[in-house]
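Notes to accompany the following structure.
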Amino acid sequence: MKLPLLLVFLWTLTTFSLQTDSPGQCVCEFRNSEQMFPHDKLRTAENEASDCNSRVSPWKTTELQGLMLGLDRRLVQLQEDVSVLEKEDDGDLYGVLSLNVIHNEMTEIRLLLDKLNTTTEEQHKQTAATTHRMEQVRAEMEQLETFDTQQVVKRQEANQRLRRDLDKCRNGLHAGPPPTEPPNGSCPYGEFLNISEPRVYTAGEYPGSYKYGAWGRDPKPEPGKESWHWLVLMTSSNRYSNYVRQYHSLSSLIVGQSVPGNVLISSSNPTTNTIQGPNVVLYGGSLYYNCYNQHAVCRFNLTSKTVTNVDLPQGTRYNSKGNFCHLDECYPYTDLDLAHEVGRLGGLHHHPGLW
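Read in order, the letters of the sequence shown correspond to residues -19 to -1, 1 to 336 in mature numbering (1 follows the signal peptide of the UniProt record, and there is no 0).
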């Protein structure tokens, strides 16, 4: 019984033709009735799937969310600027400055809208194209499954499902506490998602003239100076300065209209008790900075025009011997860093004995 069945089985799969080319020789030709597996189609489907994965990434969604958050913040800022203009417009210089700031805000909003529209349109096109390509890949894979006469792929898929179910069961039995996450803080717009290049550039008062300096607003201002801003530029050798420049509003600082103007520490630059290095901060009506050629902190009172100083511990590095650096560059004369936070003033300096 076994031999006839074997012969019938072989006959359904193959066909043999015998012919004699020459006396004493026999040639056997094998014809396979099964279709050859299309390896080229499989490689094409793999390439298509890989290309779709590279085109669809979480960064695309993050970029769109970042644009939406930026637009929302700019609209709020524009509303605040318009309210300030309506309340404090004097019909003269202040109104012109405020209108200039509002014009910059509207320019940035238009740029954000253009970028948002372009990004949304590109993502819609990409989604449609990716969906169409994945449907084609799915159809090709379904055709390739017909070559799996032994149903190997189906068995592998069933095994994968069983493994996933088993992992879920094990994790459910030995579930640990969820990982702790750092608090998000109090920012109503959430965490930073993306940092890009500046979208709107204002030349300011000294475009391209000074590479280093500092600016800001006094967190503990004198009465009547709540909106005042200040600017310190390293006007000598990119490392020294002898005055602080004041502006009665952020708008004035942006467009470069200094009122009431400069407050001189000394007529010479540099000299004793003038500014050395860009790490400068204004706090409580006084400017704090690294004194020229000293391991000391100077305090310049803008009202009385007097300077007092406090020596740092002996051995503290100064004169650009303990700078802030990264892999590509060091920032000169940044040995001492001053900053204020939550109503307090602090300093950071480099001392060899405090590693």
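All C-beta atoms in this analysis are idealised placements derived from N, C-alpha and C, irrespective of residue type, glycine included.
What does DSSP give as the partner residue(s) for Y193 in the beta ladder?
DSSP, once it has assigned bridges, lists no residue as partnering Y193.
Which whole-angstrom value describes the C-beta separation of L234 and H210, a residue pair presumed to lie in contact below a C-beta threshold of 8 Å?
Right, the Cβ-Cβ distance comes to about 5 Å (below 8 Å), so this counts as a contact.
Does the structure place the region 313 to 323 close enough to the region 269 to 280 that three or more beta carbon pairs sit under 8 Å?
These segments touch.
Just the C-alpha distance for V288 and Q295, rounded to the nearest angstrom, thanks.
Cα to Cα, the separation comes out at about 21 Å.
Is the region 214 to 229 touching the region 252 to 264 in the sense that three or more CB pairs, one from each, lie closer than 8 Å?
A contact exists between the region 252 to 264 and the region 214 to 229.
How would you label H276, buried or exposed, when you count the other beta carbons within 10 angstroms and need 16 or more for buried?
With 16 or more other Cβ atoms within 10 Å, it is buried.
With a threshold of 6 Å on Cβ separation, who are the neighbours of G263 within its own chain once the five nearest residues in sequence on each side are excluded?
Checking the sequence shown, residue 263 turns out to be Leu, not Gly. Within the same chain, L263 has close Cβ partners D199 and W211.
Report the residue from K192, S232, A30 and R226 whose alpha carbon sits nearest the alpha carbon of M215.
The residue with the shortest Cα to Cα distance from M215 is K192.
What residues in its chain sit with their C-beta under 6 Å from that of C279, if we drop five residues either side in the sequence?
N254, Y270, C272, V288 and N290.
Tell me where the alpha helix (DSSP H) around T25 begins and ends.
Here the alpha helix (DSSP H) through T25 covers H20 to R36.
Where does A320 sit, in a helix, a strand or coil, going by DSSP?
Reduced to three states, the DSSP call for A320 is strand.
Using 10 angstroms around the beta-carbon of P241, count the other beta-carbons present and answer buried if the total reaches 16, otherwise exposed.
Per the 10 Å Cβ criterion, exposed.
Quick check on I256: does DSSP put it in helix, strand or coil?
Strand at I256.
Span of the beta strand (DSSP E) holding L283?
L283 -> no beta strand (DSSP E), and no H or E assigned at all.
For P241, write down the residues that DSSP places opposite it in a beta bridge.
Paired residue(s): Y228.
I believe D53 touches V82 by the beta-carbon criterion, under 8 Å. Please report the beta-carbon distance rounded to the nearest angstrom.
So it is not a contact: roughly 19 Å between Cβ atoms.
Check the Cβ-Cβ distances between M115 and every residue of chain B, and say whether any is below 8 Å.
In summary, chain B is missing from the structure at hand, where a single protein chain is found.
Could you work out which residue in E86, G303 and R36 is closest to Q60 when comparing CA atoms only?
Nearest of E86, G303 and R36 to Q60, Cα basis: E86.
Exposed or buried, E322, counting other C-beta atoms within 10 Å across all chains shown (16 or more means buried)?
E322 is exposed by the Cβ-count criterion.
May I ask you to check if the CB of M215 is nearer than 7 Å to at least one heavy atom of the ligand NAP?
In the structure on display, the ligand NAP does not appear, and there are no ligands present to speak of.
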